[in-house]
Every structure is written in C-alpha cells, then in structure tokens.
Amino acid sequence: MGIEGIGARVARKEDKRFITGKGRYVDDMVVPGMKFAAFVRSPHAHAKINGIDTSAAEGMPGVIGILNGKQISEDGIGDLICGWMIHSKDGSPMNMGRWRPLAEDRVRYVGDAVAVVVADSKARARDAADAVVVDYEELPAVTGAVDALKDGAPQIHPEAENNLIFDWELGNGEETDEALKNAAHITEMKIVNNRLIPNAMETRAALGVYNAAEDHYTCWTTSQNPHVARLVMSAFYNVAPENKLRIIAPDVGGGFGSKIYIYPEEIVCLWASKRTGVPVKWVADRTEAFLADAHGRDHVTTVKLATDADHKVTGLKVDTVANLGAYMSLFSSATPTYLYASLLSGQYAFPAVHANVRTAYTNTAPVDAYRGAGRPEATYVVERIMETAARELGLSPAEFRRKNFVREFPHQTPVIMNYDTGDFDASLDAALKEADYEGFPARKAEAEKRGMKRGIGMSCYIEACGIAPSKAVGSLGAGVGLWESAEVRVNAVGTIEVLTGSHSHGQGHETTFAQLVSGRIGVPIDSISIVHGDTDKVQMGMGTYGSRSGAVGMSAIAKALDKVEAKAKKIAAHQLEADENDIVIEDGTLKVAGTDRSLAWNEVTLAAYTGHNLPDGMEPGLKEGAFYDPQNFTFPAGCYICEVEVDPETGRTEIIQFVAADDFGTIINPTIVEGQVHGGIAQGIGQAMLEGCLYDAESGQLVTASYQDYCMPRADDLPSFKVSTTETPCTSNPLGIKGCGEAGAIGSPPAFMNALTDAVGHNDLTMPATPQSVWAAINGTTPDAFA
Ligand code: MCN
C-alpha cells in the first residue's frame with residue numbers, strides 16, 4: 000500500500016492476518032511447562048461457604064494444585080476495587096463491599112469463583128474442579144435492583160445497608176421541580192433499560208507466568224488497557240510490583256467494554272503460577288463468559304418532561320435505579336452516574352435537568368460499562384420521552400426536536416457537559432431526506448392494505464467520548480487522569496514505528512494510526528508499524544474505551560510527530576543550508592519552499608543516525624514521545640431513523656430501513672467509521688429486539704446462560720444500513736476527530752423502539768421487543784418476561 004492520509008478509504012491492514020486465521024490471541028500462546036486452570040464456581044446466587052473438600056480432586060490424574068480464597072488472603076493479595084469514588088447526596092462515600100479474587104466465606108452470584116484447579120490439561124483441570132466439594136449453606140437471593148433496595152431484601156454486603164451503594168444526584172433540582180410545577184404539559188414514562196451480556200467473539204483468557212529466577216511476572220491477557228491492568232494489579236491488588244510485572248494483550252477478539260476491568264481470573268492465574276511453580280493458562284468457555292463477564296445496562300427509570308405552551312421543554316426529571324450486581328467492578332460507579340446523567344440534556348437546550356441515581360447490590364454478575372456505557376441509557380431516556388411527548392402534543396417528532404435543539408456553541412448544559420460544536424439540524428435533515436420521511440404515510444397505507452402495521456421512529460443522540468480530560472475525570476472521583484501517550488521511532492532507513500498506549504481489539508488502529516503518519520510524512524502506509532498492547536514495549540498508556548483512541552490516542556501521535564518533524568526539518572535545513580522555517584515536508588521529501596532543493600525523507604533519517612553531519616549540539620537519532628491530555632470531551636451526534644413493519648398475527652417485526660446520519664468531526668478512514676457504525680447499530684438493535692439477560696427472581700439462576708436462550712443479532716435480522724456523515728470538527732483536539740466507536744449502539748435502540756411503538760400504536764413495550772411481547776402488546780396481554 001502507498002501513501003494514504005487522513006480521509007482515505009484504506010482497507011484494514013490487520014484484516015489479512017485476521018481473516019486468514021493468523022491472528023495471535025492469548026489462547027494461541029504456548030510457553031514451556033504451561034499448565035491449565037479451571038475455576039470452581041458457585042452454583043448458588045447467594046450462600047455461605049462452610050467448607051471446601053478437595054480430597055477427591057487432589058488425587059485425580061494430572062492435578063498440580065488446588066487453591067482457594069484462604070490461601071490468596073494468606074499471600075496478601077488485595078481486594079478488587081472500584082476505581083471511581085462516588086459520594087452520596089449527603090457527602091458520604093459509597094458503601095462498597097469487599098470483592099475477593101476467590102470467595103472465602105460467602106458467594107454472591109451464580110458463577111462467583113471459589114477455588115482454582117491447576118492441572119496438566121484443560122479437561123483434567125475441569126474434571127478435578129467438578130470433583131471439588133463445597134459445603135454451601137444457601138441464603139435468599141435478590142436479582143432486581145428495585146427489589147434489592149426494598150426493606151427486608153436479602154442483605155448482600157455488610158457494608159451496604161439495604162444493598163444501597165450510593166444515592167447520587169446531578170443537575171438543578173429546584174429549577175426542574177419549578178418547571179414541572181409550571182408546565183403546560185408533562186409527559187411521564189417508566190423506562191426499563193434491559194440488562195445485556197457483552198459476548199465478544201473471543202472469550203476472556205489469561206496466561207500467568209512467574210519467573211522465580213528473576214522474580215518476574217508476565218501475564219498475557221485479553222485486556223483493552225494493559226497498562227491500567229499493570230498499575231492496578233501492582234498498586235492495589237499487590238499481585239506483583241510494577242517494575243516486575245509485564246502485561247501483554249496481544250490480538251484481542253473484541254471487548255465492547257467487557258475487557259476494561261481487572262477480573263479475578265487474571266489475578267488468580269498470575270498468583271497461581273507463583274504458588275504452583277508452573278505457567279498457568281485459563282481460557283473462559285462460553286458459559287463462563289455468560290456467567291462471569293461484567294454485564295451491561297440494567298436500569299429502571301421514571302422520567303418526567305415538562306413543556307410550556309410554546310412546546311419548548313422547560314425541564315427533565317429523571318429517577319433511576321441501577322443494578323451493579325454482586326460486586327463493584329472497576330468503572331461500575333461511573334457508568335450510571337457521570338457517564339449517564341451528564342448526557343440527559345441530549346441535543347437540546349433544556350434549561351433544567353435533574354437526575355437522581357440509586358445503585359444497588361444484587362445477586363447477579365457485576366455490571367459495568369458495555370458499548371456506550373451510560374450514554375445509551377441516557378439517550379434511551381431522552382429520545383423515548385421526546386418522541387412520546389411529540390406524539391402526546393400532536394407534533395411532528397422532527398419539528399418538536401428542532402424546536403428544542405442547541406444551536407449556539409459552546410453550550411453549557413445543566414448537567415456538567417460543555418458542547419464545543421455541533422450541527423444537529425444538518426444530521427436531522429440528512430436523515431429525513433435519506434429515509435424519505437415525507438413519503439412514510441403512503442408506505443404505511445400500503446402496508447395496512449396488506450394487513451401489516453408500519454411505524455417510523457427517530458433518535459437524535461449526542462454522546463460524550465474521547466474520554467480524557469484528566470482534570471475533569473480526576474475532579475469527578477477517578478483515581479487516575481485519562482490522557483494518552485505515544486512515541487514515534489523513526490528508523491535509519493526511514494521506516495517508522497509508532498508506540499501507542501491505545502489498544503486495538505477490532506477498531507482498526509493499525510490502519511488509521513498509520514494513515515495519520517503516512518499522510519503527514521508521505522511514506523507508504525506499509526512502512527509504518529503500530530505497536531501496542533505490551534507494557535514492556537510501550538511505557539504507559541490508558542487504553543481503549545469511551546471511543547477515545549482517535550481523539551486522544553491519535554492526538555498524542557500527532558504531537559509526537561510535530562517533534563519528529565521539527566527535528567527532521569532542522570537536519571534538512573542544516574544539510575541544504577536553508578532556514579528550518581523554510582523547510583516543508585511533502586510526499587516523502589523535505590523541501591526548501593519555493594526552490595527545487597530537497598532531500599528525501601530517508602536521506603534525512605539516515606543522517607540522523609549516521610550522526611556526522613548534524614547541526615552543532617544536536618543529539619543523533621530520531622525518536623520523540625508525547626502525552627496528550629485534551630481540555631474537553633468530544634461530542635459526536637447524529638440522527639437515526641428506523642422504519643419497521645409488524646405482522647400482527649405473529650408479532651414478528653421486520654426492519655424495513657435504518658438510516659444513520661452521524662457527525663464524527665474529521666473522518667480518518669470512512670470505511671472503518673462505517674464499519675464501526677454498522678457494528679454499533681447491530682448491537683443496539685440486538686438490545687432493542689433480541690438480547691435480554693434474565694435471572695430467575697427466586698433462585699437467582701441465570702436463565703439466559705447460552706445462545707439457546709440469549710439471542711444475538713444475525714445478518715438476516717438486519718437491513719442494509721444507510722449511513723452517511725456530516726462534519727463539524729471537534730475543537731478540543733488538533734485533528735478535529737470525534738469518536739465513532741459507540742455511536743451506533745447509543746442512537747439505535749430508541750430509534751427502533753420509537754418506530755415499533757408507532758407501528759403498534761402504544762408505548763407499552765420494553766426491550767427486547769421479542770415477537771411474543773410485540774404480539775402481547777398488540778393484543779393487550781402482557782406475557783413479557785422482560786417487563
Ligand atoms: N476513526 C476515524 N475517524 C473518526 C473517528 C474514529 O477514522 N472521526 C477511527 C479510529 O481511528 C479508529 C476507529 O475509527 O480506528 C474507532 O475509533 P474511536 O471512535 O476513537 O474508538 P476507539 O478506537 O477508542 O474504540 C473504542 C470503541 C468502544 S468504546 C467500544 S465499546 C467498541 C468500539 O470501539 N468496541 C469494539 N468498537 C469496537 N469494534 C470492534 N470490532 N470490537 C470492539 O470490541
């Protein structure tokens with residue numbers, strides 16, 4: 000491949016190895032003497048552990064060791080933590096229970112790890128794990144957050160009375176109450192945001208290796224942020240000192256947020272390697288993934304929207320109960336608070352917004368960020384109620400939104416965010432046109448003739464991503480700032496290695512990051528390597544989540560490139576006997592502007608290393624690093640329109656068309672961006688139509704623990720999406736990029752549900768809108784397991 004800069008539609012460099020089966024995942028790693036781990040997991044949602052009998056398992060063939068929670072405590076391994084301290088309304092810190100890597104006295108959800116068996120094969124480890132007898136004393140369980148907060152609910156952690164972790168608020172409460180008091184019209188809804196299971200294609204895995212000779216630890220793991228894993232495992236969990244711990248996240252087959260956190264299993268594999276003296280590998284099977292990956296969403300919300308006589312929104316009041324599961328995972332407190340309530344102003348100039356969020360422990364898997372993390376939940380609340388209010392007021396949903404759009408930037412919302420740019424009319428116009436919105440009544444009439452119900456719905460989303468500004472996240476209770484780092488190493492022959500703290504696990508960084516460098520210097524994209532995912536190669540980084548790698552990771556690379564270019568220009572100026580300010584870099588050459596004098600890029604890079612013809616006092620070499628910490632988030636926004644047709648006989652819904660008009664600022668690679676939007680919409684429609692994680696309310700068993708019961712979207716569930724972009728460059732990073740990795744999953748569920756409720760004729764439907772629940776909604780019954 001040649002020189003391909005910003006904006007080029009380049010096919011992904013990394014795809015050749017992925018689609019030819021040459022990717023290297025944790026499960027592909029083999030080290031001498033490697034053995035296998037299998038976890039003993041709780042079959043109960045809530046129980047006391049009275050004892051663990053390993054006698055039968057110990058004698059089984061191939062067993063090397065059986066380790067439990069007492070031993071992990073004896074060795075001083077710390078509790079898992081939540082990295083974001085949220086204070087309740089009264090200023091009290093959150094009521095956080097303890098999360099041990101292996102449960103010692105009590106298990107709190109089905110799948111909670113109790114012990115680990117290390118054996119010479121995966122099958123033998125599993126067999127022996129099945130032979131470990133745990134004496135459980137079952138306790139009553141609670142799986143729903145609203146129930147968990149009721150008086151008399153089973154108490155899950157002693158630290159959290161009535162299972163309340165914190166009761167938090169954001170926004171201007173008094174003004175919002177006043178707006179509701181004086182409203183010409185109030186729209187009120189109860190909104191359930193269904194719980195999801197992430198289902199990355201590659202399940203989580205870890206290979207822990209302790210090298211006794213050097214007292215050094217290495218962990219290959221499926222992480223979205225290996226440096227954060229190293230820092231947290233060293234500083235908080237006492238697994239290994241940071242200078243003795245190397246984390247490698249090689250190719251990772253998707254994460255969608257679920258691989259941000261540090262889970263018990265990688266800690267246990269590293270520790271077990273030291274305890275047993277052998278390298279220990281664990282790869283989750285799909286059932287373990289269903290049971291023990293951090294789940295997403297799971298909110299129950301009541302919302303009120305106040306409008307005046309002129310149909311301007313005057314206030315939005317939101318009351319949410321969020322289920323955080325049995326333990327608080329690393330980002331779990333930030334997701335239903337700052338990542339949620341801060342987006343409740345949507346694309347609108349709401350003068351007053353108030354959100355109250357209560358979070359609860361339940362006997363379910365931990366809940367944390369899942370693609371969009373809080374922002375899909377916020378968008379769902381805002382866009383469902385905006386559509387519903389428009390219908391109640393007899394207005395066109397598009398015009399009602401337009402009446403309330405923010406049009407002046409920067410715009411300070413009542414809920415923290417300061418939107419730097421946007422053009423919400425532009426994406427709404429583009430989507431209306433592409434969807435032929437005006438032609439809908441005729442299409443509906445035609446469908447009715449065939450006995451079908453047709454509906455159309457929209458969603459005008461905004462999200463905050465490029466999760467970064469260290470000052471902002473620090474002041475909101477995060478333990479660390481969220482900048483990003485990069486190092487650009489230019490080799491003597493002119494090829495370039497870029498080391499980045501971002502981590503690609505499907506987003507195509509090897510291509511887009513290389514495009515930035517290729518375009519700036521004018522070297523072929525194939526002579527640029529992107530290095531990431533290894534804490535021994537890249538010094539420090541904050542990883543990939545919150546659609547931050549383009550806006551923050553690439554900006555760090557741009558900053559390092561500025562320094563590389565400045566030095567290269569000095570060298571060229573010296574050799575060409577020109578002023579460095581007159582040197583321009585174009586198409587792989589350094590030219591004296593306005594003359595025919597130039598040096599090729601590789602002549603300059605060679606000079607940097609031969610070192611004998613450099614400006615006086617200049618160090619040889621060409622390698623620069625940078626840290627980039629933006630001053631604000633980026634605010635991608637867009638308009639999605641969905642049109643559906645429902646068969647009233649069966650409740651089956653078909654998506655006739657799905658239109659997405661997004662604003663991602665400057666686009667680096669349109670093909671990759673479109674792929675990101677496609678994937679996000681598929682996940683959003685999966686949530687709205689098909690996916691629902693269900694626990695049995697009484698026993699706490701996960702009912703949807705396999706693909707037989709948990710329905711992922713497939714190609715034939717989805718139409719061909721019509722995607723387009725408008726561009727208002729972001730002002731808080733030098734490249735003008737807004738993140739695109741989550742938008743599809745954020746904007747699509749309300750668009751689908753608005754279309755479906757339009758078709759069905761009433762609002763009494765929850766996600767996932769399965770054929771059964773759609774049929775029930777049409778026929779006035781409610782056999783909806785998810786309601
Ligand atoms: N990009 C671009 N132009 C823009 C913005 C981004 O060309 N204006 C490119 C970027 O250079 C990058 C890709 O699009 O190659 C995504 O960039 P960005 O929006 O910055 O998101 P991240 O790279 O930080 O990825 C994180 C985001 C999140 S938060 C989830 S969840 C998610 C997602 O990406 N998980 C994914 N997309 C995923 N895609 C795959 N295949 N697998 C996952 O687990």
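Residue numbering for the sequence shown follows our numbering, starting at 0 and increasing by one per position. Virtual Cβ for every residue (Gly too), placed ideally from N, Cα, C. Fair warning: this is a prediction, and the values are worked out from it, not measured in the lab.
With a threshold of 16 other beta carbon atoms within 10 Å, N778 falls short and is exposed. If you draw a straight line from the Cα of G480 to the Cα of P468, it is about 7 Å long. With a threshold of 16 other beta carbon atoms within 10 Å, I18 falls short and is exposed. Here DSSP, grouped into helix, strand and coil, assigns V39 to strand.
In this structure, E382 places its C-beta atom within 8 Å of the C-beta atom of P749. Contact between L163 and R357 holds: CB atoms are separated by about 6 Å, below the 8 Å threshold.
Scanning I5, I85, A271 for the CA closest to the CA of I63 turns up A271. Proximity of the beta carbon of Q346 to ligand 1 is not indicated: no heavy atom of the ligand is located closer than 7 Å.
In the DSSP assignment, the residues bridged to R357 are D166, V320. The Cβ atoms of H531 and S501 sit closer than 8 Å to each other. Placement of the Cβ of K737 at a distance of less than 7 Å from at least one heavy atom of ligand 1 is found.
Taking the Cα of S719 as reference, the smallest distance to any Cα among K622, G678, I259 is reached at G678. In the structure shown, P523 adopts coil according to DSSP, grouped into three states.
Counting along the chain, the unbroken alpha helix (DSSP H) around N753 starts and ends at 742 to 759. As computed with DSSP, S426 is found in no beta bridge at all. A distance below 8 Å separates the beta carbons of I85 and F165. Not one heavy atom of ligand 1 lies closer than 7 Å to the C-beta of S528. Nearest in C-alpha terms to I654, of all of I684, P635, V676, D662, is I684. Residues of the same chain with a CB within less than 7 Å of the CB of V133, apart from the 5 flanking positions on each side, are V39, I48, I51, V113 in chain order. Taking C-alpha positions only, R125 is separated from V658 by approximately 47 Å. Around the beta-carbon of D74, fewer than 16 other beta-carbon atoms lie within 10 Å, marking it exposed. For H508, the three-state secondary structure derived from DSSP is helix.
Assignment of Y337 by DSSP, reduced to helix, strand and coil, places it in the coil class. Under the criterion of beta carbons closer than 8 Å, R296 and R194 qualify as touching, at roughly 6 Å.
The three-state secondary structure of H573, taken from DSSP, is helix. The Cβ neighbour count for Y706, taken over all protein chains shown within 10 Å, is under 16; the residue is labelled exposed. Ranked by Cα distance from S426, the first of P635, E13, H184 is P635.
Counting only runs of 4 or more residues that sit fully inside the segment 660 to 700, the alpha helix (DSSP H) segments are 669 to 684, in chain order. Rounded to whole angstroms, V279 and D27 show a C-alpha spacing of 14 Å. When distances are taken from the beta-carbon of R374 to the heavy atoms of ligand 1, even the shortest one reaches 7 Å or more. The beta carbon of Y544 sits closer than 7 Å to at least one heavy atom of ligand 1. Membership of E265 in any beta strand (DSSP E) is not indicated; the residue belongs instead to the alpha helix (DSSP H) covering 263 to 275. Placement of the Cβ of N668 at a distance of less than 7 Å from at least one heavy atom of ligand 1 is found. The DSSP-derived three-state label of I384 is helix. Scanning its chain for C-beta atoms nearer than 8 Å, with the 5 sequence neighbours on each side dropped, one finds around S395 the residues A389, in chain order.
A check of alpha carbon separations from P767 across G4, A606, G650, E398 identifies G650 as the nearest.
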